[in-house]
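Chemist: Using this note's numbering, the letters of the sequence shown correspond one by one to residues 358 to 540.
Backbone N, C-alpha and C define an ideal beta-carbon position, used for all residues, glycine too.
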Amino acid sequence: MTPLSWDPTPGAHIYVDESTAGDYLLMGAVVASADAPQMRSVMRGLLLPGSRSLHMRKEQKRAATILGTVVGLGPNVAIFRVSRTTPALDARRATVHALAELACQLRADRVVFDTIDSMSARDRAWVIEGVHLAGEPTPPFGYHHQRRHEEPLLWIPDAVGWAWARGGQHRRAVERICYLVDL
Numbered sequence: 358m359t360p361l362s363w364d365p366t367p368g369a370h371i372y373v374d375e376s377t378a379g380d381y382l383l384m385g386a387v388v389a390s391a392d393a394p395q396m397r398s399v400m401r402g403l404l405l406p407g408s409r410s411l412h413m414r415k416e417q418k419r420a421a422t423i424l425g426t427v428v429g430l431g432p433n434v435a436i437f438r439v440s441r442t443t444p445a446l447d448a449r450r451a452t453v454h455a456l457a458e459l460a461c462q463l464r465a466d467r468v469v470f471d472t473i474d475s476m477s478a479r480d481r482a483w484v485i486e487g488v489h490l491a492g493e494p495t496p497p498f499g500y501h502h503q504r505r506h507e508e509p510l511l512w513i514p515d516a517v518g519w520a521w522a523r524g525g526q527h528r529r530a531v532e533r534i535c536y537l538v539d540l
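#1: Can you tell me the Cα-Cα spacing of T359 and D466, whole angstroms?
#2: So F470 packs on V531, CB below 8 Å; how close in whole Å?
#3: For the putative contact between L382 and R438, defined by C-beta atoms under 8 Å, what is the C-beta separation to the nearest angstrom?
#4: Go ahead and label S376 buried or exposed: buried means 16 or more other beta carbons lie within 10 angstroms of its beta carbon, across all protein chains shown.
#5: Would you list the one or two residues that DSSP bridges to R385?
#6: My understanding is that R516 touches M413, with C-beta atoms under 8 Å, so please give their C-beta distance in whole angstroms.
#7: Whole angstroms are fine: how far does the CA of R419 sit from the CA of L403?
#8: Between H370 and I473, what straight-line distance do the alpha-carbon atoms span, to the nearest angstrom?
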């Protein structure tokens, strides 16, 4: 895996999802704001008739096509990994802290989390804590939660996290757009 050149393009958006299959993974897909509309359109083009969103758990037969499309779009994806032996809330907190620090470093404009109703309030508090750890008094970016059917770019971290957790050919398919951070 080649480390990414994290070009701090002002105004980048970060789309966030988690994977709990094995180690705890929090993926942040970094997308230039100017590229977001076209990327949304491409991702929507992957939907099957009657589907509102894409979730890799249900898309294993189309994995190669979906992963190829995601990689072709060229996002940079940070994967924050915590050992499966760490309690889930502790793992989420550590990874959200690290993500918030990355968002500060990249001068991101916004961070969008896939909604997990039971985690939203905690995520907001942990973003603030992570921003403070980065030396910022307040978040220099907007952050909120959206449901996966509302924001197609949330399907990118879902696909990458699924591929990473599965390993083998799936992980190899996405490695070149990923940067792994062990916490």
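Modeler: Reading it off the structure:
#1: At T359 the pLDDT is 38, less than 50, meaning the model places this residue with poor confidence; the figure from the coordinates comes in the next sentence. In this model, T359 and D466 are separated by some 25 Å (Cα to Cα).
#2: Between V531 and F470 the Cβ distance is about 20 Å, and since that is not below 8 Å, they are no contact.
#3: Rounded, the Cβ-Cβ distance is 5 Å, consistent with contact.
#4: buried
#5: Sequence check: residue 385 is Gly here, not Arg. Its beta-bridge partners are V373 and A435.
#6: Checking the sequence, you will find Ala at residue 516 rather than Arg. That pair is a contact at about 5 Å.
#7: When the Cα atoms are used, L403 and R419 turn out to be separated by approximately 9 Å.
#8: 19 Å
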